[in-house]
Amino acid sequence: MPTREEITYFGAGPALLPTDVLQNAAQALVDYNSTGLGIAEHSHRSELATNIINEAKADLAAFLDIPTDEYDILFMQGGGSGEFSATVYNLVGAWVTRRRQDLLRQFADNHDKVEAELRRAVDEDLKLDYIVTGGWSQKAHAEAVRLLGPDHVNLAADARTVNDGKYGKIPDEKDWTLSRDPALVYYCDNETVDGVEFPAFPASLAPRPDGTGPIVVADMSSNILSRRIPVRNFSIIFFGAQKNVGSTGITVAVIKKTLLPPTTPQPEPALLRKLGLPIGPIVLSYETIAKNNSLYNTLSIFDVYIAGQVLKKLLRTFPDKVDGQQAVADKKASLIYAALEAHPETYRIVPDASVRSRMNICFRVTKGGDVDASEKAFLKEGTARGLLGLKGHRSVGGIRASNYNSIQLEGAEKLAAFIREFAKA
Ligand SMILES: Cc1ncc(COP(=O)(O)O)c(C=O)c1O
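Given below as structure tokens:
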């Protein structure tokens, strides 16, 4: 059996964590900071736990330049999949609140009129826009349809329509059919399964000069902390921790404070019930989690601690913060893509060059015509060299090298060398 030092693990998530972080965490599990009690045993209500939460929030904000006077950082549970639901519940609620506030201004105290107009607005105008570019945004879209019904959910773009029924391209923004005043515009910044990453923030979703603009929600589960984000363009950014941030068990939501009280309180459940809209579980309520500094219910402080240690290490390693990490991430991805491109007779990169993910590098091994046999041989030889976790997602097959932050430059170099040697063999 290989040792940890002998392998490079390219799994898509859970992913590799820095060894020194794990070593410290192992010690912290037994005895945290000489308290005689392990980190997973301390109360989540203790001062020590609150400090861990607040430091992780501050370090995340520092690394990504998140303006904390405008954004709150929440530690949630339920994974990225939980956020597919949370974003719907919370932003439909926020949309109803905004409409109701407008109607109250318009019709003053005529509550019957307000109620009738609100009902009409929900029936006719409530829309959620989804840009579907891969398996994860497809799932998020499906969840919105499941919760609200198809009439309220607008598939504003479906990448399969521009690529022979498969993911691998992003439709031209001029062809997106965005709604007027949608409750949200949703996209997945990096599609982990399909290896498709938005090259930049979509220009058509940018705020207007007066500061207004669409309510943009992005799933950044698999590329967070790997490049600079124009944070102010987003209303919500969410990500599961288990790829670039830490261990499985917490999900982070970065949310614009204007979507929270006092500006935008969630509607009363009774009102939502009257309007025929779903009422979300309390543990997915951003308002509730924000009000309680992520401690509405028992949170895994151990997972927050791990994320915090990863962030501290990043801040120590990169004085220029995320820009430094971005340069390394880009370099590692270029090395691997260059090796693949050097051998078109052996490899076919799955996504179009314009949208290739720097984090999840998806390709087929076409050498010799028998793709299945070639890919099996590639995986077997890779394993023998300590290059593990390269099998593509079960839904699409092929090879996927997940090039997250914890893959060192040498790891990417080893993979690139193997790609070249396998082609030549
Ligand atoms: C981009 C993206 N979004 C969402 C998810 C779902 O995350 P979870 O399994 O934590 O629900 C994943 C999982 O791999 C993902 O890669």
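Residue numbering for the sequence shown follows this note's numbering, beginning at 3 and increasing consecutively. Don't be surprised by glycine CBs; every beta carbon is placed ideally from N, CA and C.
(message) With H, G and I counted as helix, E and B as strand and the rest as coil, what does DSSP make of I284?
(response) helix
(request) Find out if the Cβ-Cβ distance for the pair G190, S249 is shorter than 7 Å. (result) Residue identity differs from the one stated: residue 190 is Cys in this sequence, not Gly. Cβ atoms of C190 and S249: not closer than 7 Å.
(request) Go to T89, then tell me how far its alpha helix (DSSP H) extends in each direction, as first and last residue. (result) G81 to F109
(request) Keeping to the same chain, check which residues put their C-beta closer than 7 Å to that of G84; ignore five residues upstream and five downstream. (result) M78, T253 and L286
(message) Based on DSSP bridge pairs, tell me the residues matched to D174.
(response) D174 is not bridged to any residue.
(request) Could you tell me whether any non-hydrogen atom of ligand 1 is closer than 6 Å to the CB of G391? (result) no
(request) Quick one: measure Cβ to Cβ for P353 and G170, integer angstroms, because I've assumed they're closer than 8 Å. (result) 4 Å
(message) Just to check my reading of the structure: L66 and V324 have Cβ atoms closer than 8 Å, yes? What is that Cβ distance to the nearest angstrom?
(response) 6 Å
(message) Just to confirm before moving on: does the CB-CB distance between D125 and S181 stay below 7 Å?
(response) The Cβ atoms of D125 and S181 do not sit closer than 7 Å to each other.
(request) Would you kindly report the start and end of the unbroken alpha helix (DSSP H) that includes I239? (result) Note, I239: premise wrong, no alpha helix (DSSP H); beta strand (DSSP E) at I238 to G242.
(message) Run through the DSSP bridge pairs and tell me what F320 is partnered with.
(response) Partner(s): none; F320 has no beta bridge.
(request) Report the residue from G370, L301 and L277 whose alpha carbon sits nearest the alpha carbon of A118. (result) When each option's Cα is compared against that of A118, the closest is L277.
(request) Specify, as a first and last residue, the run of the alpha helix (DSSP H) that F380 falls within. (result) V373 to A386
(message) Can you find the residues in the same chain that come closer than 7 Å, C-beta to C-beta, to S408, ignoring five residues on each side of it along the sequence?
(response) So the list reads A17, L18, L19 and P20, once near-sequence residues are dropped.
(message) Using only Cβ atoms and a threshold of 6 Å, which residues come within that distance of a heavy atom of ligand 1? Order them by chain position.
(response) G15, G81, G82, S83, W138, C190, T194, D221, S223, S224 and G242
(request) Indicate whether A42 and F304 have their beta-carbon atoms separated by less than 7 Å. (result) yes
(message) Rounding to the nearest angstrom, what Cα-Cα distance links G310 and K378 in this structure?
(response) Per the coordinates, the alpha-carbon of G310 lies some 38 Å from the alpha-carbon of K378.
(request) With DSSP collapsed to three states, give me the class of Y1. (result) No statement about residue 1 is possible, as the shown extent of the chain runs from 3 to 427 and does not include it.
(request) Below 6 Å CB to CB, which residues in the same chain sit around P216 once its five sequence neighbours on both sides are set aside? (result) Cβ neighbours of P216 beyond the five flanking positions: V187 and L207.
(request) Please name the residue in V134, E175, A243 and D183 whose C-alpha comes closest to that of A123. (result) D183
(message) Can you look up S45 in the DSSP assignment and give me helix, strand or coil?
(response) coil
(request) Look at the alpha carbon of F380 and the alpha carbon of G137, and state the distance between them as a whole number of angstroms. (result) Near 25 Å, if we compare the C-alpha coordinates of G137 and F380.
(request) With a 10 Å radius around its C-beta and 16 neighbouring C-beta atoms as the bar for buried, classify H154 as buried or exposed. (result) buried
(request) Go ahead and label L411 buried or exposed: buried means 16 or more other beta carbons lie within 10 angstroms of its beta carbon, across all protein chains shown. (result) By the neighbour-count rule (16 or more Cβ atoms within 10 Å), L411 is not buried but exposed.
(request) Determine the direct distance from the alpha carbon of C364 to that of D196, and round the result to whole angstroms. (result) 7 Å
(message) Under 8 Å: do the stretch 239-246 and the stretch 259-270 share three or more Cβ pairs, one atom per stretch?
(response) no
(message) Just list the residues that DSSP pairs N156 with in beta bridges.
(response) D131
(message) Please classify G82 as buried or exposed, where buried requires at least 16 other C-beta atoms within 10 Å of its C-beta.
(response) buried
(request) Compute the Euclidean distance between the alpha carbons of V164 and F200, then round it to the nearest angstrom. (result) 16 Å
(request) With DSSP as the reference, label E199 as helix, strand or coil. (result) The DSSP-derived three-state label of E199 is strand.
(message) I need the DSSP call for Y349, collapsed to helix, strand or coil.
(response) strand
(message) Can you find the residues in the same chain that come closer than 6 Å, C-beta to C-beta, to K369, ignoring five residues on each side of it along the sequence?
(response) Here the set comprises T348 and S376.
(request) Buried or exposed for H44, please, with buried defined as at least 16 other CB atoms from any protein chain shown within 10 angstroms of its CB. (result) buried
(request) Just confirm the distance between the C-beta atoms of S296 and L261, as a whole number of angstroms; I'd bet it's less than 8 Å. (result) 16 Å between Cβ atoms; not a contact.
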